[in-house]
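Since the structure comes first, as structure tokens, the remarks are kept for the end.
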Amino acid sequence: MFKPKFSITPRINKALDEIERVRGFLDAVKLKDEWITDMQKNALITGLVEKNILKKVGEKKGTHYILAQKVIEKIRDIEGHG
Numbered sequence: 782m783f784k785p786k787f788s789i790t791p792r793i794n795k796a797l798d799e800i801e802r803v804r805g806f807l808d809a810v811k812l813k814d815e816w817i818t819d820m821q822k823n824a825l826i827t828g829l830v831e832k833n834i835l836k837k838v839g840e841k842k843g844t845h846y847i848l849a850q851k852v853i854e855k856i857r858d859i860e861g862h863g
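Sequential numbering from 782 applies to the sequence shown in my numbering.
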């Protein structure tokens with residue numbers, strides 16, 4: 782059986798708890814940054830689809846239709862449906 786040559790005092794335990802709280806906070810901040818980046822990309826693509834690209838989607842041979850299809854595929858990739 783392992784017998785450590787140290788003991789965890791209340792002071793050490795308190796310091797470890799504080800480190801863990803700070804680590805959790807930093808992980809949450811990083812995660813929020815990732816969410817913001819994803820939301821910005823999604824908003825840009827969705828805005829393009831809604832405002833500009835789908836106006837001529839009925840023209841199956843036109844560049845607007847091809848571009849619209851690419852944007853829709855990108856949205857599906859971002860949302861995890863691709």
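Even glycine gets a Cβ: it sits at the ideal position worked out from N, Cα and C.
From a predicted model like this one, the values you see are computed outputs, not experimental measurements.
| Query | Result |
| --- | --- |
| Assuming the contact rule is C-beta atoms closer than 8 Å, ILE859 and ASP819 should be a hit. Round their C-beta distance to whole Å, please. | 7 Å |
| Which whole-angstrom value is the C-beta distance of ILE817 and LYS855, which I expect to be below 8 Å? | With a Cβ gap of about 18 Å, ILE817 and LYS855 do not count as contacting. |
| Excluding five sequence neighbours on each side, which residues of the same chain lie with their C-beta closer than 8 Å to the C-beta of LYS786? | none |
| Kindly list the residues whose CB is nearer than 6 Å to the CB of ASN823, restricted to its own chain and excluding five residues on each side of it in sequence; keep chain order. | ILE859 |
| Tell me whether THR790 sits in a helix, a strand or coil according to DSSP, three-state version. | coil |
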